[in-house]
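Reviewing the structure listed below.
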Amino acid sequence: MTRGERKTLWLGLAFISPWIIGFLVFTLYPLAASIYYSFCDYDVISKPVWIGALNYKDMVTDSVFWKSLGNTFYFAALSLPLSLIVALLIAVLLNNPVVGRPAFRTFFFLPSLVPQVAIAMIWLWIFNGKFGLLNYALKWFGLDGPNWLADENWTKPSLVLTSLWGVGGSVVIYLAALQDVSRELYESAEIDGASAFTKLWHITIPMISPVIYFNLIMGIIGALQVFSGPYIMFGGGGPNRSALFYAVYLYENAFSYFQMGYACAMAWVLFLIILFLTWAATSSTRKHVYYAGE
Amino acid sequence: MISKTRLPILFCALLAAVAVATFSAGCSKQPNDRTPDGRIIVQYWEKWTGFESDAMQAIVDDFNASQDKIWVEKLTVSAIDRKMMLATAGGNPPDIAGLWAFSVNNYAEKSALTPLDKMLEKAGITRDHYIPVYWDLCEMHGHMWALPSTPASLALHWNKKMFRDAGLDPERPPRTIAELDAMAEKLTVVSVTRNGKKIRVHYPDLTPEEKEKKDFDLLQLGYVPSEPGWWNALWGYWFGGSIWDGDRTLTANSPENVAAMTWFQSYPLKYGLNNIQTFGSSFGNPSSPQSPFLAGQIAMVLQGVWMYNFIDKYSPEMEWGAAAFPSVDAEKLPNVTVAEGDVLVIPRGARHPEEAFEFIKYVNTQGPMEKLCLGQRKFSPLATMSDDFIRKHPNPYIKTFIELAKSPNARTVPRMSVWLIYSDEMGVAFGQVGTLLTTPQAALDDVQRRTQWKFDRVMRRWDLVKEDRMKEWSQ
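Top line first, the protein sequences correspond to chains A and W. Heads up, our numbering is the position in the first sequence plus 43, with the first residue counted as 1. Heads up, our numbering is the position in the second sequence plus 22, with the first residue counted as 1.
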């Protein structure tokens with residue numbers, strides 16, 4: 044490295060130093076500290092005491108840990124495919140040249156601007172077993188709706204429905220991708236007499252597959268970390284802890300019971316799970332994701 | 023012009039200066055803690071809002087006017103237990119915090135509070151000055167960690183009009199659990215379909231088949247233990263049970279606790295789980311006008327001394343009474359109640375503990391304490407209360423609550439640091455039993471196993487630090 048190069052390097056580092064310092068102080072240090080704390084008995088107030096892998100061992104025997112993990116997977120397995128499909132369908136519909144298209148796009152996007160707390164409060168009333176709008180609507184069809192929030196079999200489906208209400212963000216991303224699909228492909232397909240479904244299946248979906256993939260990965264991360272909805276709607280986990288999600292249990296351990304060491308260990312386990320699932324999703328979809336130019 | 027070599031150095035220096043300035047402003051250990059006229063400012067965090075906050079503010083104003091050395095600044099803080107803990111961990115706590123008494127045990131054991139023993143001794147404040155149970159709420163591991171601000175005790179509240187309508191003597195509340203259950207049946211009104219017509223009948227008038235089938239809608243309930251459900255973990259007290267042996271062993275699944283839970287489960291079994299759930303989903307928050315007791319949907323409820331405030335505010339016309347909540351045996355277990363309350367603590371690392379204690383001491387003298395408790399319409403935790411205080415008190419049953427607090431059967435949440443975990447586990451167990459998912463015995467065995475496991479863990483940690491802590495606290 045010549046003197047000049049070194050100078051350039053220093054200059055460059057100096058210019059990005061606000062970010063570097065921020066990263067070191069607010070990201071890397073807390074990350075490293077949380078690894079250390081995950082091997083400690085740490086109650087926030089007093090000095091952490093090293094206890095080896097005990098927090099991780101305890102997790103294996105902690106039935107609530109497994110329940111919260113199971114709930115989270117259940118929720119993710121239901122909400123992830125549903126929200127991917129629903130968002131895609133809405134985006135495809137909104138991509139059609141209909142009257143008032145901008146207005147419709149706004150309507151579908153609006154719910155994702157509502158704060159999580161407000162969403163939770165609204166849905167608490169919609170799901171109310173006696174006065175809820177949902178059960179009222181079901182009555183028109185002669186159906187006796189369940190007690191959504193009090194029946195442990197229905198708490199997670201309620202939360203899935205709530206999450207579907209917020210797909211506006213993904214819809215916008217899909218819409219952007221749909222605009223990019225070349226018209227020529229559709230035209231040639233039409234000349235060959237392809238139906239609407241064939242065009243969707245053989246042109247649209249392959250062409251926007253990178254965006255579907257993106258939404259899938261973000262969806263996995265989001266679904267496994269879901270917190271505010273269940274925390275507000277079900278507080279301590281709802282009937283029989285059926286709505287106690289991983290992030291909520293982690294939060295309880297950290298800030299209610301002040302078992303920060305255990306909470307840190309849980310956070311790292313969740314990180315590893317997400318890492319593994321992301322890797323699995325990436326390697327299993329590699330062949331199906333099409334990037335123009337490859 | 024600045025040379026090119028100097029530029030990065032200059033830039034780094036500038037950045038460092040900005041960083042130092044920001045940090046020193048944000049995390050300063052010594053903010054200005056004096057008023058312009060030289061008084062020491064004591065930061066006081068309190069959870070109350072509304073009229074309860076106003077009552078304390080009046081005391082703070084009185085204190086500030088009574089002397090010229092200390093200035094107490096009261097700040098209303100939500101989720102105060104968590105915020106105080108994090109502020110203490112961050113080394114920048116308030117000088118005084120108003121906690122719930124049940125937080126004291128956990129926070130004391132974690133050494134998040136300042137022991138008050140020396141200051142109490144100097145001020146000559148002893149247990150004799152208090153209704154004993156409120157003093158005991160502030161003690162943990164042989165040290166005092168707090169002094170009471172406002173106390174509470176729990177009692178049965180009943181709706182006299184509903185009693186009259188059901189043909190019961192409105193002046194005679196139930197004295198045993200068995201009586202409570204029988205009266206509750208008489209006070210329960212259902213709508214049932216007979217010969218194709220919906221009719222309204224009292225529960226005892228249902229035929230045995232109708233009771234068995236439970237094919238009715240609840241219109242009014244005499245009583246249900248799950249409303250408001252705030253003290254479910256403590257139901258064992260009314261059955262002569264306890265939560266632990268006072269040392270290291272929990273007794274969650276003792277026969278008394280199982281009996282209490284079996285009684286709890288008898289309600290959904292008798293009236294039908296689905297019926298109770300559907301009726302229950304129309305209940306509003308217990309402190310709102312939609313509270314089932316205030317709305318006349320439920321005739322009896324276990325509530326604290328504060329209930330008067332909500333009756334007065336939302337349903338002033340209501341004819342009501344308050345008495346000891348019945349226990350399983352009126353002779354052997356009279357006047358069972360849970361005593362709880364609000365307390366004032368000095369977090370560890372507070373800058374002005376001596377000045378903070380001056381204020382706490384002031385609140386705990388008879389005059390200010392009675393003014394505060396009258397403002398919040400509670401009773402005083404002090405052993406002596408002036409006749410004037412009782413006479414002026416708007417709650418017609420205030421004496422009942424005081425008697426209950428003084429009763430030998432006044433119990434508190436257990437002074438163990440895993441109380442919160444225990445109470446959460448019990449909450450889940452009561453949820454399972456209340457929805458008929460499991461039996462009381464199985465649910466309580468589960469609570470016992472899980473919580474004891476966590477308790478052992480906490481005690482293992484405690485054993486490691488016990489000696490140092492005890493030494494530190496005695497200094």
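Each residue gets a CB set at the ideal place from its N, CA and C atoms; glycine is no exception. All values derive from a computational prediction rather than experimental measurement.
**Asked** Just to confirm, are Glu249 (chain W) and Pro173 (chain W) a CB contact at a threshold of 7 Å?
**Response** For Glu249 (chain W) and Pro173 (chain W), no; Cβs fall outside 7 Å.
**Request:** Provide the residue span of the beta strand (DSSP E) that contains Leu22 (chain W), from first to last.
**Result:** Not covered by the structure: residue 22 (chain W). The range shown for chain W is 23 to 497.
**Min CB distance Ala119 (chain W) to chain A below 7 Å** = Nearest CB-CB separation between Ala119 (chain W) and chain A: not below the 7 Å threshold.
**Request:** Output the distance between the C-alpha atoms of Asn431 (chain W) and Arg222 (chain W), rounded to the nearest integer angstrom.
**Result:** Taking C-alpha positions only, Asn431 (chain W) is separated from Arg222 (chain W) by approximately 41 Å.
**Message:** Mapping the DSSP letters down to three states, classify Val68 (chain A) as helix, strand or coil.
**Reply:** Looking at Val68 (chain A) - three-state DSSP - the assignment turns out to be helix.
**Asked** In three-state DSSP terms, what is Ile59 (chain A)?
**Response** Here Ile59 (chain A) sits in helix by DSSP.
**Request:** Using only alpha-carbon positions, find the residue among W:Ala177, W:Ser213 and W:Val212 that is nearest to Arg197 (chain W).
**Result:** Answer by Cα proximity: W:Ala177.
**Where the alpha helix (DSSP H) containing Val280 (chain W) begins and where it ends** = Its alpha helix (DSSP H) spans residues Pro277 to Tyr293.
**Request:** Flag Ser304 (chain W) as yes if its beta-carbon sits less than 7 Å from any beta-carbon of chain A, otherwise no.
**Result:** With its beta carbon less than 7 Å from one in chain A, Ser304 (chain W) belongs to the interface.
**Message:** Whole angstroms are fine: how far does the CA of Ala163 (chain A) sit from the CA of Ile59 (chain A)?
**Reply:** Taken atom to atom, the span from the alpha-carbon of Ile59 (chain A) to that of Ala163 (chain A) is near 40 Å.
**Message:** 7 Å is my cut-off, CB to CB: does Ile128 (chain A) come that close to chain W?
**Reply:** No, Ile128 (chain A) does not count as interfacial toward chain W.
**Request:** Could you please tell me which residues of the stretch 182-200 of chain A, in chain order, have their CB closer than 9 Å to any CB of chain W?
**Result:** Of all residues in the stretch 182-200 of chain A, only Asn190, Leu192, Ala193, Asp194 and Glu195 place a beta-carbon less than 9 Å from a beta-carbon of chain W.
**Item:** Rounded separation between Ile298 (chain W) and Tyr117 (chain A) - CA only
**Value:** Near 29 Å, if we compare the C-alpha coordinates of Tyr117 (chain A) and Ile298 (chain W).
**Message:** Taking beta-carbon pairs under 9 Å, can you tell me which members of the stretch 182-198 of chain W lie near chain A?
**Reply:** Result list empty, no residue passes.
**Message:** Going by DSSP, what residue range makes up the alpha helix (DSSP H) through Phe314 (chain A)?
**Reply:** Met303 to Thr328 is the span of the alpha helix (DSSP H), which, as asked, contains Phe314 (chain A).
**Prompt:** So is Glu499 (chain W) buried or exposed if we call it buried at 16+ other beta carbons inside 10 Å?
**Reply:** Given that chain W is displayed from residue 23 to residue 497, the structure contains no residue 499 (chain W) and the question cannot be resolved.
**Residues near Gly258 (chain W) by beta carbon distance below 6 Å, same chain, minus five either side** = So the list reads Glu278, Asn279 and Ala282, once near-sequence residues are dropped.
**Under the three-state DSSP convention, the category Arg194 (chain W) falls into** = In the three-state scheme derived from DSSP, where H, G and I count as helix and E and B as strand, Arg194 (chain W) is classed as coil.
**Request:** Determine the extent of the beta strand (DSSP E) in which Ala344 (chain W) is found, giving its start and end residues.
**Result:** Where Ala344 (chain W) is concerned, the enclosing beta strand (DSSP E) starts and stops at Trp342 to Ala345.
**Asked** So which residues of chain W does Lys173 (chain A) contact, with C-beta pairs closer than 7 Å?
**Response** Chain-ordered, the chain W residues with CB closer than 7 Å to the CB of Lys173 (chain A) read Thr300, Ser303 and Ser304.
**Request:** Mind listing the chain A neighbours of Leu459 (chain W)? Cutoff is C-beta to C-beta under 9 Å, in chain order.
**Result:** Close to Leu459 (chain W), with beta-carbon spacing below 9 Å, are these residues of chain A in chain order: Glu195, Pro282 and Asn283.
**Request:** May I have the straight-line CA-CA distance separating Trp62 (chain A) from Arg433 (chain W), to the nearest angstrom?
**Result:** Trp62 (chain A) and Arg433 (chain W) have their alpha carbons spaced roughly 56 Å apart.
**Prompt:** Would a check of beta-carbon distances place Gly47 (chain A) closer than 7 Å to chain W?
**Reply:** Not one beta carbon of chain W lies nearer than 7 Å to the beta carbon of Gly47 (chain A).
**Asked** What did DSSP end up calling Trp328 (chain W) once you bin it into helix, strand or coil?
**Response** Trp328 (chain W) falls in the coil class under three-state DSSP.
**Request:** Look at Arg186 (chain W) and Pro195 (chain W) and say whether their C-beta atoms are less than 7 Å apart.
**Result:** No, Cβ-Cβ distance for Arg186 (chain W) and Pro195 (chain W) is not below 7 Å.
**Asked** Nearest chain W C-beta to Tyr300 (chain A) closer than 7 Å, yes or no?
**Response** Closer than 7 Å to some Cβ of chain W, the Cβ of Tyr300 (chain A) qualifies, so yes.
**Asked** Hey, how far is the Cα of Ser231 (chain A) from the Cα of Ile246 (chain A)?
**Response** One C-alpha to the other measures close to 11 Å.
**Request:** May I have the straight-line CA-CA distance separating Val455 (chain W) from Gln287 (chain W), to the nearest angstrom?
**Result:** Going by the C-alpha atoms only, they are around 6 Å apart.
**Asked** Counting only beta-carbon atoms, is Arg471 (chain W) nearer than 7 Å to chain A?
**Response** No, Arg471 (chain W) does not count as interfacial toward chain A.
**Request:** For Ser89 (chain A), return the contacting residues in chain W, with the cut-off set at a CB-CB distance below 8 Å.
**Result:** Result: Lys132, Ser133 and Val487.
**Prompt:** Of the residues that make up the stretch 97-125 of chain W, which ones have a beta carbon closer than 8 Å to any beta carbon in chain A?
**Reply:** The residues in question are Arg104, Met107, Leu108, Thr110 and Ala111.
**Prompt:** Which residues of chain W have a Cβ atom closer than 7 Å to the Cβ of Gly279 (chain A), listed in chain order?
**Reply:** Against Gly279 (chain A), the close residues of chain W are Asp446 and Gly449, in the order they occur along the chain (beta-carbon pairs closer than 7 Å).
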